[in-house]
Amino acid sequence: MVFLVFVFVEASPSGSLGRSDLVLMKRSAIFLKVLLIVVALICGESWATTEHLHCKRTRKIVTRPHSVTITEFGAVGDGVTLNTKAFQNAIFYLHSFADKGGAQLFVPAGRWLTGSFSLISHLTLSLDQDAVIIGSTSSSDWPIIESLPSYGRGRELPGRRHQSLINGSNLTDVIITGGNGTLDGQGGVWWQWFNNHTLNYTRPHLVELINSTGVVISNLTFMNSPFWAIHPVYCSEVLIHDVTILAPLDSPNTDGIDPDSSSNVCIEDCYISTGDDVIVIKSGWDEYGIAFAHPSTNISISRITGQTRSGAGIAFGSEMSGGISEVQVANIHLFNSKHGIRIKTSPGRGGYVKNIHISGVIMEDVNIAIRIQGNYGEHPDDNFDPNALPLISRITMKDIVGTNISLAGLLAGIPGDNFSSICMSNIIFTGTSSSSSSSPAWKCSDIEGYSDMVSPESCEQLHKDIPEDPSKVCYGLYDSLQQEEHYDSELMASKPDQLAPE
Numbered sequence: 059m060v061f062l063v064f065v066f067v068e069a070s071p072s073g074s075l076g077r078s079d080l081v082l083m084k085r086s087a088i089f090l091k092v093l094l095i096v097v098a099l100i101c102g103e104s105w106a107t108t109e110h111l112h113c114k115r116t117r118k119i120v121t122r123p124h125s126v127t128i129t130e131f132g133a134v135g136d137g138v139t140l141n142t143k144a145f146q147n148a149i150f151y152l153h154s155f156a157d158k159g160g161a162q163l164f165v166p167a168g169r170w171l172t173g174s175f176s177l178i179s180h181l182t183l184s185l186d187q188d189a190v191i192i193g194s195t196s197s198s199d200w201p202i203i204e205s206l207p208s209y210g211r212g213r214e215l216p217g218r219r220h221q222s223l224i225n226g227s228n229l230t231d232v233i234i235t236g237g238n239g240t241l242d243g244q245g246g247v248w249w250q251w252f253n254n255h256t257l258n259y260t261r262p263h264l265v266e267l268i269n270s271t272g273v274v275i276s277n278l279t280f281m282n283s284p285f286w287a288i289h290p291v292y293c294s295e296v297l298i299h300d301v302t303i304l305a306p307l308d309s310p311n312t313d314g315i316d317p318d319s320s321s322n323v324c325i326e327d328c329y330i331s332t333g334d335d336v337i338v339i340k341s342g343w344d345e346y347g348i349a350f351a352h353p354s355t356n357i358s359i360s361r362i363t364g365q366t367r368s369g370a371g372i373a374f375g376s377e378m379s380g381g382i383s384e385v386q387v388a389n390i391h392l393f394n395s396k397h398g399i400r401i402k403t404s405p406g407r408g409g410y411v412k413n414i415h416i417s418g419v420i421m422e423d424v425n426i427a428i429r430i431q432g433n434y435g436e437h438p439d440d441n442f443d444p445n446a447l448p449l450i451s452r453i454t455m456k457d458i459v460g461t462n463i464s465l466a467g468l469l470a471g472i473p474g475d476n477f478s479s480i481c482m483s484n485i486i487f488t489g490t491s492s493s494s495s496s497s498p499a500w501k502c503s504d505i506e507g508y509s510d511m512v513s514p515e516s517c518e519q520l521h522k523d524i525p526e527d528p529s530k531v532c533y534g535l536y537d538s539l540q541q542e543e544h545y546d547s548e549l550m551a552s553k554p555d556q557l558a559p560e
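Just so you know, the sequence shown maps onto residues 59 to 560 in the numbering used here.
Set out below in structure tokens:
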């Protein structure tokens, strides 16, 4: 595949390049850089933006000194026999090795039907390539547990909730991995109960780990989750990589990965096709999240490909009352989706979403490329404080290319609570409404920010020029602009006789 890019710069009347010509050359180089993102990602090459991400974990394979196979505890992989007791007994047995280097529970080829079971510290759950752990379609095999304190109730119904298929609390050093084995939640029956309004409790996740440290989830396929697929909540030091998450595009609330009130989280190299948000960061709901005060922070998301017909590729909220900050997102490919990037919140949430840096994104066939929504609604009860307004600030989006985009941006803050320092740089969308009609490509209200090299031209509220030192207003943009200035210096040093001052 060959790409030809022509950049034309007309010299000043004197025949030499003046400073304005240099600026044009620099902007042309920036434009070329955006196009090169497309080339690099299409060709499967890694893009240099990842070098700025703070996630530099080493993916070492932890070898446990002790290992057992699930069949040793009477499990039968015929897809019919219920193996909940076998999983529970095996893990209970392995608990004795927790202080001896930990242990591994191996699941061989087969279809292993089970209800919910809990993990322990210093455990590796490893699935063979042809192993499928199948969630029971009987709700009684998914126990009822208390709601999370940062939510105050079940997410979709008042009261308690169903326990996740694979779960654990207060754990250290937990690995869920395999040779691309599969976890199938058989969510169809749960989606039917949800659509028919016959649920008594909030649906379960496929995997939920609570208040745990040192979590690795890798090299697995997650299918048909009843609710969100992977939910680390109140966790730290979480690495999720090389996973595939699949659910029908019309399945309700089947988010892919939901880091929630968690810190030091790394999500890399995943393919996710779901009925709701591909990856969404959360941190508690209204007054309960404000009181719990456990933010999501220091999160890195990179090299993700995904689609969703009803959610967003990368989302924040709407449950963000504990705060979300210090998030780096890079090298994202989104297609056939309703939203590309989305921040959702509401009066009553409180909290904040700030210091977010998103770069190197390719979108194809996306309805709304960028959406910020201040009126999302949905409250746990009537006790929320409507005066608890969220802070949305220092959001940087740069080096983004989108084709067949219906609407470039729908950015709506909250009246009297302007969302500030929304910074956009080097963004190109084609196929937007302004290309073929009088409808604006951007629709904005109650926001303010900065933009440069955005096409179609951004809305008036973002027309402030990015300042020479953007570090105070545009999160993470300062280093990249320094690199561009370094490019200027190199160019002037290499051809001083051709660069005449104006």
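Ideal Cβ positions, reconstructed from N, Cα and C, are used throughout, including at glycine.
For PRO306, the CB contacts under 7 Å within the same chain, skipping 5 residues up- and downstream, are GLY333 in chain order. By the beta-carbon neighbour count (other beta carbons within 10 angstroms, threshold 16), PRO216 is exposed. Within the same chain, Cβ atoms closer than 6 Å to the Cβ of LEU468 are found at ILE426, ARG429 and LYS501, the five residues on either side in sequence being excluded. Residues LEU171, THR172, GLY173, SER194 and ASP199 of the same chain have their beta carbon placed closer than 8 Å to that of LEU140, with the five preceding and five following residues left out of the count. With a cut-off of 8 Å on Cβ pairs, the region 354-366 is in contact with the region 308-323, counting three or more such pairs.
Between the region 157-169 and the region 210-229 there are fewer than three C-beta pairs closer than 8 Å, too few to call the two in contact. For ASP327, the enclosing beta strand (DSSP E) begins and ends at 321-332. For LYS158, there is no enclosing beta strand (DSSP E), as DSSP marks it with neither H nor E. Under the three-pair Cβ rule at 8 Å, the region 406-417 does not count as touching the region 232-248.
The Cβ atoms of GLU266 and HIS299 lie no closer than 8 Å to each other. Excluding sequence positions up to five before and after THR142, its CB lies within less than 7 Å of the CB of THR172, GLY173, PHE175 and ASP199, all in the same chain and listed in chain order. Each residue's CA atom was taken as its position, placing SER184 and GLY236 some 5 Å apart. In this structure, SER354 and ASP318 form a Cβ contact; the two beta carbons are roughly 7 Å apart against a cut-off of 8 Å. Taking 8 Å as the upper bound for CB-CB distance, ILE362 and ILE337 are in contact here, some 6 Å apart.
According to the DSSP secondary-structure assignment, GLU266 is paired through a beta bridge with ASN225 and HIS289. The beta carbon of ARG452 sits closer than 6 Å to the beta carbons of LYS412, ASN413, SER479 and TYR533 from its chain, once the five residues preceding and following it are set aside; these are given in chain order. Membership of GLY398 in the beta strand (DSSP E) is indicated by the continuous run 382-402. Under the 10 Å beta carbon count, SER309 is surrounded by 16 or more other beta carbons and is classified as buried. With three or more CB-CB distances shorter than 8 Å, the region 403-412 counts as touching the region 434-452. Below 8 Å, too few C-beta pairs join the region 510-523 and the region 390-406 to call them touching: fewer than three. ILE401 and ILE450 do touch by the CB rule: their CB atoms are close to 6 Å apart, below 8 Å.
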